[in-house]
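**Student:** In my numbering, the protein residues as written are 221 to 583. Even glycine gets a Cβ: it sits at the ideal position worked out from N, Cα and C. Since the structure is predicted, the reported quantities are computational estimates derived from the model, not experimental observations.
#1: Going by DSSP in three states, residue 511 sits in which element: helix, strand or coil?
#2: Flag this pair as yes or no: are the beta carbons of residue 244 and residue 269 separated by less than 8 Å?
#3: Consider the Cβ of residue 398: report whether some Cβ of chain C lies at a distance smaller than 8 Å.
#4: At 4 residues or longer, and completely inside the stretch 475-504: list those alpha helix (DSSP H) runs for me, N to C.
#5: Measuring only the C-alpha atoms, how far is residue 412 from residue 401?
#6: So what does residue 327 bridge to, in DSSP terms?
#7: Just to confirm, are residue 457 and residue 489 a CB contact at a threshold of 8 Å?
#8: Using a Cβ-Cβ cutoff of less than 7 Å, which residues in the same chain neighbour residue 526 once the five nearest sequence positions on both sides are dropped?
#9: What's the gap between the Cα of residue 276 and the Cα of residue 405?
#10: Take residue 298 and list the residues in its own chain whose beta-carbon comes closer than 8 Å to its own, dropping the five residues that flank it on each side.
#11: Per DSSP, what kind of secondary structure is residue 517 in: helix, strand or coil?
#12: Is it true that the CB of residue 274 sits closer than 8 Å to the CB of residue 565?
#13: What's the C-alpha gap between residue 383 and residue 390?
#14: Assuming residue 450 and residue 475 are in contact, meaning their beta carbons sit under 8 Å apart, how far apart are those beta carbons, in whole angstroms?
#15: Distance, Cα to Cα, residue 410 vs residue 293?
Printed below as a string of structure tokens:
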């Protein structure tokens, strides 16, 4: 038992714990200002405890059940797609999007689980076809697997999550060795689909978000409000921040979604540039340890799974930070390990557990 514990990546695990702690402190800071009680903090503590328990469980569960048994991965895929279909039929709408199942005071967002199912499915598909990956038909087949959940998510509508599914696909293909001409064809298809989506599929509020990304001042009290308040909050934190619980923008509710989409702005206001730098360093350490685990993986499946997770994690972080500082449109993408919410947090910690087992198996 102790020999196995030594094989765990404690540097990665320690970085995860520190990010969770920072997120919990920030959620506690704004919970009192928002509701007068710590309901969100209590729920996030439960999510974190459950997620860490599952991380430990999957660290000691042989990951090769995903690699060796195609039926397991395909069953998970069919289950995930079925949930997305069911969501469109009976899911509750929040801010205009049918993205959650509501169970009393707890909500479940199936797309967060689906992202990791897609990673496992694509890692399984490409790892067994690495010799003849240059055949374009494998890109078409894998794209079909990606298109179904991406289309269902786009119908909710949730443009950000649909884009993340595509990013996972492209990321895994790049690591697998996609040919340049195939990449060019995919780029052309993307431009065509993007143009058609803008014209026929995007809702008015989604178009407004994208337009206000280029010029948030055009609607400072409407679509541009969130971004402007986020920029003000981060800028007001200066070097050391105003202190935990003393951020004017977050505590006085000028900053919307302080504990979810814009938790980075909350941290920037209260922890300052130093706090934000520390967060980026922790994420950097995690990416370094993930890269080491990928390079040391004993199977192609394991390597592709880790790189797929890295692509998803990088996309989440880049998009969330980008929309907090006005460099990306507001899409509702959470900041991993920091933003409030159980679906993304628990799914992310499970993925870290699988990667820990990959590391153990390779040792």
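**Tutor:** Reading from the atomic positions:
#1: Helix, per DSSP.
#2: no
#3: Looking at the structure shown, chain C is missing, and only one protein chain is on hand.
#4: none
#5: Using only the alpha carbons, I get a separation of about 17 Å.
#6: 322
#7: yes
#8: 510, 513, 514, 517, 575, 578
#9: Going by the C-alpha atoms only, they are around 42 Å apart.
#10: none
#11: In this structure, DSSP gives residue 517 a state outside helix and strand, which the three-state scheme calls coil.
#12: By the CB criterion at 8 Å, residue 565 and residue 274 fall outside the cutoff.
#13: 11 Å
#14: 6 Å
#15: Between residue 410 and residue 293, the alpha-carbon positions lie close to 27 Å from each other.
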